[in-house]
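K.L.:
For reference, the structure I am asking about is given below.
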Amino acid sequence: MKQAELYRKLEDKRVECLACARRCKLAPGQIGFCGVRGNKDGELYLLVYGKVIAMHVDPIEKKPLSHFHPGSMVLSIATTGCSWACMYCQNFDISQRRVVEGFEVSPEEIVDIALKVGAQGITYTYNEPSIFAEFAHDVGVAAHKRGLFNNFVSNGYLTDEAVDYLSKFLDAITVDFKGNADDTFARKFILIPSYKPVFDALLELKRKKIHIEITDLVIPKVGDDLEKARKLVRWIHDNLGPETPIHFLRFHPDYKMMDYPWTPIETLEKHIKIAREEGMKYVYIGNVPGHPDEHTYCPKCGNVVIERYGFEIVSWKLTKDNRCRFCGEKIPIVGTLHETYKDNRFFPIPIYRLKRFERVDAKKILTSSKEQSKSN
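Now the structure itself:
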């Protein structure tokens, strides 16, 4: 574990965590909602520092990022814990695990692995990465020094302090809305009071000039209201801009919502139609391989300039400076096509063969005295 940076001290050795918008106030020995940040003797510690629970190589399009280093390969990492409690989480075995455990690996070793497998960047994903912000920071700074980019897949439930801290190394972020950003949905299925902190964080992320793409998981019956979708899209258009990529994702039954159906494709198409009516230029459907709205269309001439199938790039009709080959329109993309788009960009890293697995008793560590800690 390592002392955290995103916190402030209160009276009576209590601390306020600043990693997420919950702003947990913790007395000595207490652990935050996320399960990985705890108060020891009046100081906040990140309990999972250097403890990776999952590591995988992915295409950047899986995040999904369609306008950031297309065709690139990323090393994805995660710890246990999360700042949300989504009842449909496909990674619940990681995100809802309230045990401090993982494979011991240093920031430099993570960067070494990324370079060895040929990745161009590191993605912090599978659980909410802001909860392990200090570890991500050290990995990210080391990654930048060796020519790699960094991106988050995040719920966006961030404080201004967290955004400022992350901006020191973060190049791109996918912010994942659920259920069209409906607060009623959020209270029932995510266990947060409202989406306001996410909108506030997005404004701050934009000010920091971090590349932003938006996803919205459309959940049948409880999170597919079209007027709520229009309200969300209108906010994105007016505050982030019409060129902000937005991905409407198909829901599949998982975790505590196994009795809900897959999102009908027609429902996703209605969301796409609304986004285009509101002036959004780059709108996508996710989790429906082969759908025509996986492609990038030139907003000027209407031709397909990036053809995709799932996470794969099938054809590329842009110039080296990312202009449409048909009409010359500039397409907003960070970076250009990486040649790794032709390669297999999806495979696991057998970290269990490389590193030692450790599980720790977090409560015991937090309640032990400083003298005991020094002697151990």
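Numbering (the working numbering), first residue to last: 97 to 472.
Think of the CB as a built atom: it goes at the ideal place given N, C-alpha and C, for glycine as much as any other residue.
1. Specify the secondary structure class of residue 273 as computed by DSSP and reduced to three states.
2. Using CA atoms only, rank isn't needed, just tell me which of 283, 441, 186, 284 is closest to residue 348.
3. Provide the residue span of the alpha helix (DSSP H) that contains residue 154, from first to last.
4. Would you give the residue range spanned by the beta strand (DSSP E) that residue 188 belongs to?
5. Output yes or no for whether 8 Å exceeds the beta carbon distance between residue 116 and residue 122.
6. So for residue 344, helix, strand or coil by DSSP?
7. Beta strand (DSSP E) containing residue 452: first to last residue?
8. Spell out a yes or no on whether the segment 219-234 and the segment 120-135 are touching, meaning 3 or more CB-CB pairs, one atom from each, closer than 8 Å.
9. DSSP on residue 180, reduced to helix/strand/coil?
10. Using only the alpha-carbon positions, how far apart do residue 166 and residue 434 sit?
11. What are the complete alpha helix (DSSP H) segments, minimum 4 residues, inside the segment 294-357?
12. With 16 as the cutoff for other CB atoms within 10 Å, does residue 405 come out buried or exposed?
13. Output the distance between the C-alpha atoms of residue 218 and residue 379, rounded to the nearest integer angstrom.
14. In angstroms, rounded to a whole number, what distance separates the CA positions of residue 140 and residue 179?
15. Which same chain residues, not among the five before or five after residue 352, have their C-beta less than 6 Å away from its C-beta?
P.N.:
In short, the structure shows the following:
1. strand
2. 186
3. Note, residue 154: premise wrong, no alpha helix (DSSP H); beta strand (DSSP E) at 150-155.
4. Premise fails: residue 188 lies in the alpha helix (DSSP H), 188-191, not in any beta strand (DSSP E).
5. no
6. For residue 344, the three-state secondary structure derived from DSSP is strand.
7. Where residue 452 is concerned, there is no enclosing beta strand (DSSP E), given that its DSSP letter is neither H nor E.
8. Enough Cβ pairs lie closer than 8 Å, so yes.
9. coil
10. 6 Å
11. 322-335
12. exposed
13. The C-alpha of residue 379 is placed about 25 Å away from the C-alpha of residue 218.
14. Roughly 16 Å between the two C-alpha positions.
15. 183
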